[in-house]
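Novice:
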Amino acid sequence: MAPGMRGDLRDSALPLLNSPSIEGDAIKVYVRVRPTSEGTVLTDGDQGLCLSVLSSNTIRLHSKPEPKIFTFDYVANMETTQVINSKIL
1 MAPGMRGDLR DSALPLLNSP SIEGDAIKVY VRVRPTSEGT VLTDGDQGLC
51 LSVLSSNTIR LHSKPEPKIF TFDYVANMET TQVINSKIL
């Protein structure tokens with residue numbers, strides 16, 4: 001059993017794992033790439049940032065040895081303001 005998890009809660013969740021999802025119960029994930037703060041020193045050499053926004057739903061993480069691409073429901077780039085984010089959500 002996982003630490004901090006009561007047995008009755010764990011057992012009651014098991015039927016849900018095999019049940020079909022109900023329409024509208026999906027979780028949507030929105031990501032905002034924050035701009036660097038003034039005075040922030042970029043420490044990863046020529047690369048600068050650790051990720052790039054490829055589209056309105058995709059980012060590339062500059063990881064080693066190979067970059068990784070992640071897809072979300074929506075990606076807000078560094079130019080997106082907090083005000084716009086509240087309207088999207």
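Position one of the sequence shown corresponds to residue 1 (the UniProt record's numbering), numbered consecutively onward. Note that beta-carbon positions come from the ideal geometry of N, C-alpha and C, so glycine has one too.
#1: Could you pull out every residue in the same chain whose Cβ sits closer than 8 Å to the Cβ of K68, ignoring the five residues on either side in sequence?
#2: Can you give the Cα-Cα distance for T37 and Y30, rounded to whole angstroms?
#3: To which residues of the same chain is N77 closer than 7 Å at the C-beta, ignoring the five residues directly before and after it?
Specialist: Reading it off the structure:
#1: R60 and L61
#2: Just to set this straight, residue 37 is Ser in the shown sequence, not Thr. So the alpha carbons of these two residues sit roughly 21 Å apart.
#3: V33 and V53
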